[in-house]
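The listed protein sequences derive, respectively, from chains A and B. Heads up: the first sequence at position 283 corresponds to 282 in numbering that gives the first Met the number 0, and the numbers run straight through without jumps. Heads up: the second sequence at position 51 corresponds to 50 in numbering that gives the first Met the number 0, and the numbers run straight through without jumps. Ideal placement from N, C-alpha and C gives every residue a C-beta, glycine not left out. Below is one structure, written out as structure tokens, with a few remarks after it.
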Amino acid sequence: MSGHSTYVPKSNAGKWLEERLPIISLMHSAAVSMPNPRNLNYWWVFGGIAMFMLIVQIVTGIILAMHYTPHASMAFNSVEHIMRDVNWGWMLRYTHSNGASMFFIAVYIHILRGMYYGSYKAPREVLWLLGMLIYLLMMATGFMGYVLPWGQMSFWGATVITNFFEVVPFIGDDIRTLLWGGFAVDSPTLNRFFSLHYLLPFVILGVVVLHIWALHVPGSNNPLGIEPKTKQDTMSFHPYFTMKDLYAIVLFAILLFYFVFFNPNFMGHPDNYIPANSLVTPAHIVPEWYYLPFYAIVRAIPDKALGVAGMFGAILIMFVVPWLDTSKVRSAKFRPAYRIFFWIFVVNGLLLGYLGQVNTTDDFLGIHGITNLLISRVGTIYYFGFFVVILPVLGLIEKTKPLPNSISEAVLGVEGAAEEAAEMAVATKAKA
Amino acid sequence: MNNLKQNITSIARKTAIALLVVTSVSGSALAAGGSIEGAPEPAHIDWSWAGVFGTFDRAQLQRGYQVYKEVCANCHAMDLVKFRNLSEPGGPEFSEAAVKALAAEYEIEDGPDAEGEMFMRPREPKDAMPAPFANNNAAKSSNGGALPPDLSLIAKARGHFSFKDMFMGRDGLTGGSNYLYNLLLGYEDEVPEYILAHDEHTNEMGKEADPNFTEEHFELGDSNFNNFFEGYKIAMAQPLDDDYVEYTDGTVATLEQQAEDVASFLIWAAEPKMEIRKSIGIKVLLYLIILAGLMYAVKRRIWENVRH
């Protein structure tokens, strides 16, 4: 995060600290003086929104933990105690449960934005890897958080997911026993999930710091996918982007709080208001919506071990995207064919999400003879095909459009950019 | 070329939106239940509390409590609801004196006292609603092997949270109250014709018989037929009918009236903070919308001289 700071301590205390620990100049360079491409569009606000959601989750979660009891016979009622008797407990709990969904929405858009504009390409591979690590940690944290209310879906979701580990060769049984803390999902499982659910968000926070650090070395990508060349191509982070991000965060908060106050159970499952019962299996075990595409993939593959490998592979393959994509051009703006495959990928992801929560044997949208299973398989093939075939091959054969010379030329036109450059030169001279 | 590019983008976008709509609509259609020919349509009640500004009708909640107390509570527990909740704002809002009297109608075991003995005392507002059975096994053996579920959260544990309710600005809880209302009205003395016709129909189509629609499946035995219960066979006998309770406020106790009252009461029992949730929600959203407007104005001002 070095290199951009224009921070000069004014007070003696500031100078004293700066010589010993330059933390203020570090934060200054990260959030104030950092040069950002001037042409960022609103798809670039979701990183800040995700950061905001992480903080919302940590704050509400810490307070909820003060009132929650991680024990098989008490967890369900302790959540209801929060809902009924703790001052503002219902608001904290609904904010936390809906906040998890909103965090995932922001992160999914953030990831897709990176894919559309090729933000993972050199020199931003480490930035992408750290982002994927955050996503993986979020999946684990979200899953364990959903177990804590100890309703029917909590219990049976935990049972289904932990049983996936059984297919790991040689040590699968041991892994599962370790996750359970016994020989079935029970109080010890709940206890360790609670402990880890409290720990992992702080790990995420740590990786977010690294993610931001890795962002500040190459700087943000932008809709054109070309690097800023002159000062003219960038604006300082503050006030331009701090203000834009804040505005977007407030808009996103409106969406979050609509759900919290007017439809708080919309993204939950009714069965989770039934206390966990190991003797009664729910008719349909459905994971949280943000896992549904991956759940569709595991069900689409006929062999259990392969299915589980496919499900984890579907997440892990995202890590190597920077090396699968062979195109020299970053932004889909200049890649007409990629753009089409990208949008099919998005639609396919939504489709798999839908398929993850319906009966595999039923007809797809009521079309006779075409089962959900069949469409799931087609969707799964496209999902993997996008990464292992389309990304590498397309980069080699696609005829891309010509890139503009610079960001400011694309924004202002050639003459406008020259004019502005001249103005800036005059201004600098006048200052000198 | 540019036009072509825009067209492709716009087609891709429209496809994505269309697919999103299709999946959500079909999702809620599936949630609404099977589409068997001749089956009665579930009713959708216009609940007083459903809208963004909706609040409970106190008199209705008090009537609903009466139905619960005189009918449901004979078999169903309601562990999470305390007597004191009945006088709290946003609920039936009985007076505190009335709640004290209601609680004192039941006893609870307390102790041990100074001599180490357990003793019985009248319930107080701090105590939970009384459970009709000592434990689940006792409840099962008195109910032909079926366990009457606790009613504290039943309204949120049934029914689905649908997109349609969301777009209509209705509280997602209406899925649960409509389900309970229809269930209470959905009893039939015999297996109705449409069920058996469905079996014949699948036979005619040459499809494999649906094991859930054969005559053997519908030999009711000790269970009862209900149009709106999953699988149609329900252990609970029809709990309500016209004039099962005599309302103290003089309201005519039709079956529909009692079902509506008790369904609203169970929504309150499951979500006692609904009223405060909505009234604060309106203030929060208004605040955020105004704040967003101010933020936008500041943002525009800052970016005024920057082309981007």
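Pairwise C-beta distances place the segment 126-135 of chain A out of contact with the segment 223-239 of chain A, as fewer than three of them are shorter than 8 Å. B/Arg120 and A/Leu63 have their C-alpha atoms spaced approximately 34 Å apart. A/Ser96 and B/Pro148 have their alpha carbons spaced roughly 25 Å apart. The beta-carbon distance between B/Ile266 and B/Ala154, rounded to whole angstroms, is 5 Å. This is short enough to meet the 8 Å contact definition. Interface annotation, A/Leu245: in contact with chain B, CB-CB separation under 8 Å.
Neighbours of B/Val244 across chain A, judged by C-beta separation under 8 Å, do not exist; the nearest C-beta is about 27 Å away.
With distances taken between CA atoms, A/Met310 lies nearest to A/Ser375 out of A/Val328, A/Asp361, A/Ser375, A/Ala331. Note on B/Ala133: under 16 other CB atoms within 10 angstroms of its CB, so exposed under the neighbour-count rule. Residue pairing by DSSP puts B/Ile233 in a beta bridge opposite B/Asn223. Contact residues of the segment 71-87 of chain A toward chain B are Asn76, Glu79, Met82, Arg83 (C-beta to C-beta distance below 8 Å). If you ignore the 5 residues before and after A/Leu132, its C-beta comes within less than 6 Å of the C-beta of Val206, all in its own chain and listed in chain order. For the segment 212-239 of chain A, residues whose beta-carbon sits nearer than 9 Å to a beta-carbon of chain B comprise Met234, Pro238, Tyr239.
At a C-beta separation below 7 Å, A/Pro269 has these neighbours in chain B: Lys155, Ala156, Arg157, Gly158, His159. The C-beta of A/Phe51 comes no closer than 8 Å to any C-beta of chain B. Near chain A, meaning a CB-to-CB distance below 8 Å, the residues of the segment 284-302 of chain B are Leu284, Leu287, Ile288, Leu290, Ala291, Met294, Tyr295, Val297, Lys298, Ile301, Trp302. Rounded to whole angstroms, the separation of the alpha carbons of A/Met90 and B/Tyr64 is 26 Å.
The residues Pro321, in chain order, have a CB closer than 6 Å to that of A/Glu124 in the same chain once the five nearest residues on each side in sequence are set aside.
Straight-line measurement puts the Cα of A/Pro36 at about 18 Å from the Cα of A/Ala247. Under the 8 Å criterion on CB atoms, B/Val98 is classed as non-interfacial with respect to chain A. Taking a 10 Å sphere around the C-beta of B/Glu259, we find 16 or more other C-beta atoms and assign the residue as buried. Closer than 8 Å to the CB of B/Ile279 there is at least one CB belonging to chain A. Listed along the chain, the chain A residues whose CB falls inside 7 Å of the CB of B/His307 are Arg37, Asn38, Val410. Looking at the backbone, the Cα of A/Pro403 and that of A/Tyr41 are separated by about 21 Å.
Residue-level contact check: A/Ala252 touches chain B, since one or more beta carbons of chain B fall below 8 Å from its beta carbon. One Cα belongs to A/Val357, the other to A/Glu418, and the distance between them is close to 59 Å.
In the DSSP assignment, B/Glu106 forms a beta bridge with B/Pro121. In this structure, the CA atom of A/Pro34 is about 28 Å from the CA atom of A/Val202. Annotation for A/Phe45: Ala105, Ile108, His109, Arg112 place their beta carbon closer than 7 Å to its own, counting only its chain and skipping 5 residues before and after. Separation of the CB atoms of A/Gly141 and A/Glu287 is rounded to 6 Å, and the pair is thereby assigned contact status at 8 Å.
For A/Thr233, the enclosing beta strand (DSSP E) begins and ends at 233-235.
In chain order, Pro292, Ala295, Gly378 place their CB closer than 6 Å to the CB of A/Leu351, counting only its own chain and leaving out the 5 sequence neighbours on each side. Taking a beta-carbon distance threshold of 8 Å, A/Phe256 counts as an interface residue toward chain B. For A/Phe163, same chain residues with a beta-carbon under 6 Å away, outside a window of 5 residues either side, are Val307 in chain order. For B/Met165, the C-beta contacts it makes with chain A under 7 Å involve Asn262, Phe265, in order along the chain. Look at the segment 136-160 of chain A: the residues with a C-beta under 9 Å from a C-beta of chain B are Gly150, Gln151. Boundaries of the alpha helix (DSSP H) around A/Pro200: 186-215.
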